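Residue numbers (my numbering): 36 to 325.
Okay, here's the thing in C-alpha coordinates:
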(Lines of atoms letter the chains of each structure in order from A; the text may use other names.)
(Lines give C-alpha, C1' and ligand atoms only; values in the text may rest on other atoms or scores of the structure.)
Protein backbone atom coordinates (compact mmCIF):
# COMPACT_ATOMS: atom_id res chain seq x y z
CA UNK A 36 0.00 0.00 0.00
CA UNK A 37 1.18 3.48 -0.80
CA UNK A 38 0.97 5.21 2.61
CA UNK A 39 0.41 8.63 1.07
CA UNK A 40 -2.95 7.66 -0.43
CA UNK A 41 -6.29 7.51 1.35
CA UNK A 42 -6.72 4.90 4.05
CA UNK A 43 -9.94 2.89 4.23
CA UNK A 44 -10.91 5.02 7.23
CA UNK A 45 -10.43 8.15 5.09
CA UNK A 46 -12.62 6.68 2.37
CA UNK A 47 -15.38 5.74 4.80
CA UNK A 48 -15.43 9.11 6.53
CA UNK A 49 -15.50 10.99 3.23
CA UNK A 50 -18.66 9.10 2.19
CA UNK A 51 -20.59 9.03 5.48
CA UNK A 52 -23.13 11.61 4.32
CA UNK A 53 -24.00 9.58 1.23
CA UNK A 54 -24.53 6.17 2.85
CA UNK A 55 -27.83 4.41 3.44
CA UNK A 56 -28.91 3.73 7.02
CA UNK A 57 -27.59 0.14 6.91
CA UNK A 58 -24.36 1.21 5.23
CA UNK A 59 -23.86 3.95 7.84
CA UNK A 60 -24.38 1.37 10.59
CA UNK A 61 -21.77 -0.85 8.94
CA UNK A 62 -19.37 2.07 8.50
CA UNK A 63 -19.48 2.98 12.18
CA UNK A 64 -19.03 -0.67 13.13
CA UNK A 65 -15.87 -0.87 10.98
CA UNK A 66 -14.48 2.36 12.43
CA UNK A 67 -15.20 1.25 16.00
CA UNK A 68 -12.42 -1.36 15.90
CA UNK A 69 -10.51 -0.18 12.84
CA UNK A 70 -8.59 -1.70 11.10
CA UNK A 71 -8.95 -5.09 12.82
CA UNK A 72 -12.74 -5.13 12.35
CA UNK A 73 -12.54 -6.15 8.70
CA UNK A 74 -9.96 -8.91 8.98
CA UNK A 75 -12.43 -11.73 9.63
CA UNK A 76 -14.89 -13.38 7.23
CA UNK A 77 -17.39 -11.19 5.42
CA UNK A 78 -20.26 -12.91 7.24
CA UNK A 79 -18.66 -12.13 10.62
CA UNK A 80 -18.37 -8.43 9.77
CA UNK A 81 -22.02 -8.38 8.68
CA UNK A 82 -23.07 -10.11 11.92
CA UNK A 83 -21.08 -7.73 14.13
CA UNK A 84 -22.63 -4.72 12.40
CA UNK A 85 -26.10 -6.32 12.37
CA UNK A 86 -26.46 -5.83 8.62
CA UNK A 87 -26.88 -8.20 5.69
CA UNK A 88 -24.04 -9.77 3.71
CA UNK A 89 -25.13 -7.91 0.53
CA UNK A 90 -24.83 -4.63 2.47
CA UNK A 91 -21.17 -5.41 3.20
CA UNK A 92 -20.55 -6.33 -0.44
CA UNK A 93 -22.12 -3.07 -1.67
CA UNK A 94 -20.17 -1.04 0.87
CA UNK A 95 -16.86 -2.58 -0.22
CA UNK A 96 -17.61 -1.63 -3.82
CA UNK A 97 -18.58 1.92 -2.81
CA UNK A 98 -15.15 2.24 -1.19
CA UNK A 99 -13.52 1.42 -4.53
CA UNK A 100 -12.64 -2.27 -4.12
CA UNK A 101 -13.44 -5.08 -6.54
CA UNK A 102 -14.38 -7.40 -3.71
CA UNK A 103 -13.98 -8.29 -0.05
CA UNK A 104 -10.57 -10.02 -0.51
CA UNK A 105 -9.12 -6.83 -2.02
CA UNK A 106 -10.64 -4.82 0.85
CA UNK A 107 -9.01 -7.17 3.39
CA UNK A 108 -5.65 -7.07 1.62
CA UNK A 109 -5.66 -3.28 1.92
CA UNK A 110 -6.50 -3.53 5.64
CA UNK A 111 -3.57 -5.91 6.18
CA UNK A 112 -1.25 -3.47 4.46
CA UNK A 113 -2.50 -0.72 6.76
CA UNK A 114 -1.80 -2.91 9.79
CA UNK A 115 1.75 -3.42 8.55
CA UNK A 116 2.14 0.32 8.10
CA UNK A 117 0.93 0.99 11.66
CA UNK A 118 3.66 -1.23 13.09
CA UNK A 119 6.60 0.09 11.08
CA UNK A 120 9.72 1.20 12.93
CA UNK A 121 12.01 3.96 11.56
CA UNK A 122 14.36 1.53 9.76
CA UNK A 123 11.61 -0.28 7.87
CA UNK A 124 9.95 3.04 7.02
CA UNK A 125 13.21 4.31 5.54
CA UNK A 126 13.74 1.13 3.54
CA UNK A 127 10.25 1.24 2.01
CA UNK A 128 10.70 4.91 1.12
CA UNK A 129 14.21 4.50 -0.32
CA UNK A 130 13.19 1.65 -2.63
CA UNK A 131 10.81 3.87 -4.57
CA UNK A 132 12.39 7.28 -4.03
CA UNK A 133 12.01 9.51 -7.12
CA UNK A 134 14.86 11.61 -8.39
CA UNK A 135 13.54 15.08 -7.44
CA UNK A 136 15.22 16.96 -4.61
CA UNK A 137 14.13 15.92 -1.11
CA UNK A 138 13.16 19.48 -0.23
CA UNK A 139 10.46 19.42 -2.89
CA UNK A 140 9.35 15.86 -2.26
CA UNK A 141 9.01 16.30 1.48
CA UNK A 142 7.22 19.63 1.07
CA UNK A 143 4.78 18.06 -1.39
CA UNK A 144 4.13 15.22 1.07
CA UNK A 145 3.50 17.63 3.95
CA UNK A 146 1.10 19.74 1.87
CA UNK A 147 -0.74 16.57 0.84
CA UNK A 148 -0.90 15.47 4.49
CA UNK A 149 -2.36 18.82 5.54
CA UNK A 150 -4.92 18.79 2.74
CA UNK A 151 -6.15 15.27 3.55
CA UNK A 152 -6.19 15.94 7.30
CA UNK A 153 -8.17 19.15 7.05
CA UNK A 154 -10.60 17.43 4.70
CA UNK A 155 -11.46 14.94 7.44
CA UNK A 156 -11.79 17.36 10.38
CA UNK A 157 -15.21 18.61 11.44
CA UNK A 158 -14.88 22.35 12.24
CA UNK A 159 -17.51 21.95 14.97
CA UNK A 160 -15.37 19.29 16.67
CA UNK A 161 -12.34 21.55 16.44
CA UNK A 162 -14.24 24.50 17.93
CA UNK A 163 -15.55 22.26 20.71
CA UNK A 164 -12.00 21.08 21.50
CA UNK A 165 -10.83 24.69 21.71
CA UNK A 166 -13.75 25.63 23.97
CA UNK A 167 -12.99 22.72 26.29
CA UNK A 168 -9.32 23.75 26.38
CA UNK A 169 -10.28 27.33 27.23
CA UNK A 170 -12.69 26.41 30.05
CA UNK A 171 -10.92 27.34 33.31
CA UNK A 172 -13.67 25.87 35.48
CA UNK A 173 -11.90 22.55 34.90
CA UNK A 174 -8.26 21.49 35.01
CA UNK A 175 -6.43 20.89 31.75
CA UNK A 176 -3.88 18.07 31.50
CA UNK A 177 -1.54 17.64 28.52
CA UNK A 178 0.11 14.29 27.81
CA UNK A 179 2.70 13.19 25.24
CA UNK A 180 4.82 10.12 24.62
CA UNK A 181 8.43 9.32 23.75
CA UNK A 182 8.43 11.45 20.60
CA UNK A 183 5.13 13.32 20.87
CA UNK A 184 6.14 14.85 24.21
CA UNK A 185 7.69 17.62 22.09
CA UNK A 186 4.22 18.50 20.75
CA UNK A 187 2.79 18.28 24.27
CA UNK A 188 5.49 20.58 25.65
CA UNK A 189 4.93 23.08 22.82
CA UNK A 190 1.20 23.22 23.56
CA UNK A 191 1.78 23.35 27.33
CA UNK A 192 4.22 26.24 27.08
CA UNK A 193 1.63 28.38 25.27
CA UNK A 194 -1.39 27.24 27.27
CA UNK A 195 0.48 27.96 30.49
CA UNK A 196 0.56 31.64 29.48
CA UNK A 197 -3.03 31.63 28.23
CA UNK A 198 -4.80 30.02 31.20
CA UNK A 199 -4.32 28.73 34.77
CA UNK A 200 -5.05 25.23 36.15
CA UNK A 201 -2.90 23.38 33.63
CA UNK A 202 -0.60 20.39 34.10
CA UNK A 203 1.92 18.73 31.79
CA UNK A 204 2.12 14.97 32.47
CA UNK A 205 5.14 13.04 31.28
CA UNK A 206 3.47 9.77 30.27
CA UNK A 207 6.81 7.94 30.18
CA UNK A 208 7.52 8.84 33.81
CA UNK A 209 6.88 6.41 36.66
CA UNK A 210 5.38 9.36 38.56
CA UNK A 211 2.43 9.97 36.23
CA UNK A 212 -0.11 8.05 38.37
CA UNK A 213 0.39 10.72 41.06
CA UNK A 214 -1.17 13.32 38.77
CA UNK A 215 -4.37 11.29 38.54
CA UNK A 216 -5.00 11.72 42.28
CA UNK A 217 -6.39 15.20 41.67
CA UNK A 218 -8.35 14.50 38.48
CA UNK A 219 -12.03 15.38 38.81
CA UNK A 220 -15.04 14.68 36.62
CA UNK A 221 -15.12 17.11 33.71
CA UNK A 222 -11.37 17.77 33.68
CA UNK A 223 -9.89 17.79 30.19
CA UNK A 224 -6.97 15.70 28.88
CA UNK A 225 -5.23 16.53 25.61
CA UNK A 226 -3.35 13.38 24.64
CA UNK A 227 -0.83 12.85 21.83
CA UNK A 228 -0.39 9.24 20.69
CA UNK A 229 0.96 8.36 17.25
CA UNK A 230 2.46 5.20 15.88
CA UNK A 231 4.10 3.33 17.62
CA UNK A 232 1.36 3.60 20.25
CA UNK A 233 2.52 3.48 23.87
CA UNK A 234 1.04 1.23 26.54
CA UNK A 235 1.61 3.86 29.25
CA UNK A 236 -0.41 6.41 27.32
CA UNK A 237 -3.35 4.05 26.85
CA UNK A 238 -3.36 3.06 30.53
CA UNK A 239 -3.24 6.72 31.58
CA UNK A 240 -6.16 7.50 29.27
CA UNK A 241 -8.17 4.57 30.64
CA UNK A 242 -7.63 5.69 34.23
CA UNK A 243 -8.42 9.34 33.47
CA UNK A 244 -11.56 8.32 31.55
CA UNK A 245 -12.72 6.16 34.46
CA UNK A 246 -12.58 9.27 36.68
CA UNK A 247 -14.84 11.18 34.31
CA UNK A 248 -12.21 13.15 32.41
CA UNK A 249 -12.94 14.28 28.86
CA UNK A 250 -10.26 13.32 26.33
CA UNK A 251 -9.11 15.20 23.22
CA UNK A 252 -6.79 13.00 21.14
CA UNK A 253 -4.22 13.96 18.53
CA UNK A 254 -3.28 10.81 16.64
CA UNK A 255 -2.28 9.58 13.19
CA UNK A 256 -4.25 8.36 10.18
CA UNK A 257 -4.51 4.84 11.62
CA UNK A 258 -5.69 6.08 15.04
CA UNK A 259 -4.34 5.22 18.46
CA UNK A 260 -6.33 2.78 20.64
CA UNK A 261 -7.02 5.83 22.84
CA UNK A 262 -9.58 6.99 20.24
CA UNK A 263 -12.10 4.56 21.76
CA UNK A 264 -12.02 6.70 24.92
CA UNK A 265 -11.72 10.13 23.32
CA UNK A 266 -14.63 12.54 23.04
CA UNK A 267 -12.84 14.25 20.13
CA UNK A 268 -10.11 12.76 17.93
CA UNK A 269 -7.98 14.46 15.30
CA UNK A 270 -6.39 12.00 12.88
CA UNK A 271 -3.34 13.63 11.31
CA UNK A 272 -1.58 12.41 8.18
CA UNK A 273 2.07 11.93 9.10
CA UNK A 274 3.78 10.00 6.27
CA UNK A 275 6.69 11.67 4.45
CA UNK A 276 9.75 10.35 2.53
CA UNK A 277 11.79 9.83 5.69
CA UNK A 278 12.55 7.21 8.31
CA UNK A 279 10.59 9.47 10.67
CA UNK A 280 6.98 10.54 10.62
CA UNK A 281 6.16 14.21 10.14
CA UNK A 282 4.90 16.47 12.94
CA UNK A 283 3.98 19.29 10.54
CA UNK A 284 0.25 18.54 10.36
CA UNK A 285 -0.39 18.11 14.11
CA UNK A 286 1.73 21.20 14.74
CA UNK A 287 -0.49 23.19 12.37
CA UNK A 288 -3.55 22.05 14.31
CA UNK A 289 -1.88 22.96 17.61
CA UNK A 290 -0.97 26.46 16.47
CA UNK A 291 -4.53 26.96 15.26
CA UNK A 292 -5.85 25.72 18.61
CA UNK A 293 -3.53 28.05 20.52
CA UNK A 294 -4.75 31.00 18.46
CA UNK A 295 -8.38 30.04 19.00
CA UNK A 296 -8.06 29.50 22.76
CA UNK A 297 -6.23 32.79 23.31
CA UNK A 298 -9.03 34.52 21.42
CA UNK A 299 -11.68 32.89 23.61
CA UNK A 300 -9.89 33.95 26.80
CA UNK A 301 -8.26 37.17 25.60
CA UNK A 302 -9.27 39.39 28.54
CA UNK A 303 -7.65 37.14 31.14
CA UNK A 304 -4.89 36.03 28.79
CA UNK A 305 -3.81 39.61 28.15
CA UNK A 306 -3.50 40.22 31.90
CA UNK A 307 -1.42 37.05 32.28
CA UNK A 308 0.84 38.06 29.40
CA UNK A 309 1.42 41.51 30.87
CA UNK A 310 2.27 40.02 34.27
CA UNK A 311 4.64 37.55 32.62
CA UNK A 312 6.38 40.30 30.65
CA UNK A 313 6.85 42.25 33.88
CA UNK A 314 8.55 39.22 35.43
CA UNK A 315 10.75 38.84 32.36
CA UNK A 316 11.82 42.47 32.78
CA UNK A 317 12.63 41.90 36.45
CA UNK A 318 14.71 38.78 35.75
CA UNK A 319 16.36 40.36 32.67
CA UNK A 320 15.74 37.14 30.80
CA UNK A 321 15.73 38.81 27.39
CA UNK A 322 18.05 41.45 25.98
CA UNK A 323 16.53 44.85 25.29
CA UNK A 324 17.80 47.12 22.51
CA UNK A 325 15.93 50.29 23.49
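We treat Cβ as the ideally placed atom computed from N, Cα and C, and that holds for glycine.
Keep in mind the model is a prediction, meaning the values are calculated, not measured.
Practice task
Compare the beta carbon distance of residue 264 and residue 156 with 9 Å and say whether it is the shorter of the two.
Solution key: The residue you call residue 264 lines up with position 229 of the chain shown. The residue you call residue 156 lines up with position 121 of the chain shown. Not in contact: residue 264 and residue 156 (Cβ atoms no closer than 9 Å).
Handout entry: Helix, strand or coil at residue 42 [DSSP, three-state]
Key = The residue given as residue 42 occupies position 7 in the chain shown. Of the three classes helix, strand and coil, the one that applies to residue 42 here is coil, per DSSP.
Problem - Cross-strand partners of residue 255 (DSSP beta bridge) - result: Indexing the chain shown from 1 puts residue 255 at position 220. Under the DSSP definition of a beta bridge, residue 255 partners with 271.
Exercise for the section: Determine, using beta carbons only, whether residue 213 and residue 177 come nearer to each other than 9 Å. Expected result: Numbered from 1 along the chain shown, position 178 holds the residue referred to as residue 213. Numbered from 1 along the chain shown, position 142 holds the residue referred to as residue 177. No; because the gap between Cβ atoms is not below 9 Å, this pair is not in contact.
Practice task
Quick one: grab the DSSP three-state call for residue 191.
Solution key: As a first step, residue 191 is located in the chain shown; it is residue number 156 there, counting from the start. Shown here, residue 191 sits in a helix according to DSSP, grouped into three states.
Handout entry: Backbone secondary structure at residue 249 - three-state DSSP
Key = On the chain shown, position 214 is the one that residue 249 refers to. Secondary structure of residue 249 (DSSP, three-state): strand.
Practice task
May I have the straight-line CA-CA distance separating residue 145 from residue 161, to the nearest angstrom?
Solution key: Within the chain shown, numbered from 1, the residue matching residue 145 stands at position 110. Within the chain shown, numbered from 1, the residue matching residue 161 stands at position 126. In a straight line, the C-alpha of residue 145 is about 21 Å away from that of residue 161.
Problem - Contact check, residue 148 vs residue 222, beta carbons under 9 Å - result: Looking up residue 148 in the chain shown gives position 113. Looking up residue 222 in the chain shown gives position 187. Contact flag unset, no.
Problem - Rounded Cβ spacing between residue 227 and residue 180 (contact assumed at less than 8 Å) - result: Position 192 of the chain shown holds residue 227. Position 145 of the chain shown holds residue 180. So it is a contact: roughly 7 Å between Cβ atoms.
Problem - Among 87, 105 and 78, nearest to residue 56 - alpha-carbon criterion - result: Counting from one through the chain shown, the residue named residue 56 turns up at place 21. The candidate whose alpha carbon is nearest that of residue 56 is 87.
Exercise for the section: Out of 285, 150 and 43, state which residue places its alpha-carbon closest to the alpha-carbon of residue 98. Expected result: In the chain shown, residue 98 corresponds to position 63, counting from 1. The shortest C-alpha to C-alpha distance from residue 98 to any of 285, 150 and 43 is the one to 43.
Practice task
Measure the C-alpha to C-alpha separation of residue 81 and residue 237 and round it to an integer number of angstroms.
Solution key: Within the chain shown, residue 81 is the residue found at index 46, counting from 1. Within the chain shown, residue 237 is the residue found at index 202, counting from 1. Distance between the alpha carbons of residue 81 and residue 237 is about 29 Å.
Exercise for the section: Answer yes or no: do residue 282 and residue 293 have a C-beta to C-beta separation smaller than 9 Å? Expected result: To locate residue 282, count along the chain shown from 1; it is residue 247. To locate residue 293, count along the chain shown from 1; it is residue 258. Using a Cβ distance threshold of 9 Å, residue 282 and residue 293 do not count as a contacting pair.
Problem - Limits of the beta strand (DSSP E) - the one that residue 151 falls within - result: In the chain shown, the residue the question calls residue 151 occupies position 116. For residue 151, there is no enclosing beta strand (DSSP E); the residue is found in the alpha helix (DSSP H) stretching over 137-155.
Problem - Nearest to residue 308 (by Cα), restricted to the options 192, 243, 48 and 284 - result: The count along the chain shown starts at 1 and reaches residue 308 at position 273. Comparing Cα positions, the closest option is 192.
Practice task
May I have a chain-ordered list of the alpha helix (DSSP H) segments no shorter than 4 residues that lie completely inside the segment 288-324?
Solution key: Uninterrupted alpha helix (DSSP H) stretches at least 4 residues long and entirely within the segment 288-324 occur at 301-318, given in chain order.
Practice task
Output yes or no for whether 9 Å exceeds the beta carbon distance between residue 198 and residue 224.
Solution key: Counted from its first residue, the chain shown places residue 198 at position 163. Counted from its first residue, the chain shown places residue 224 at position 189. Contact: no.
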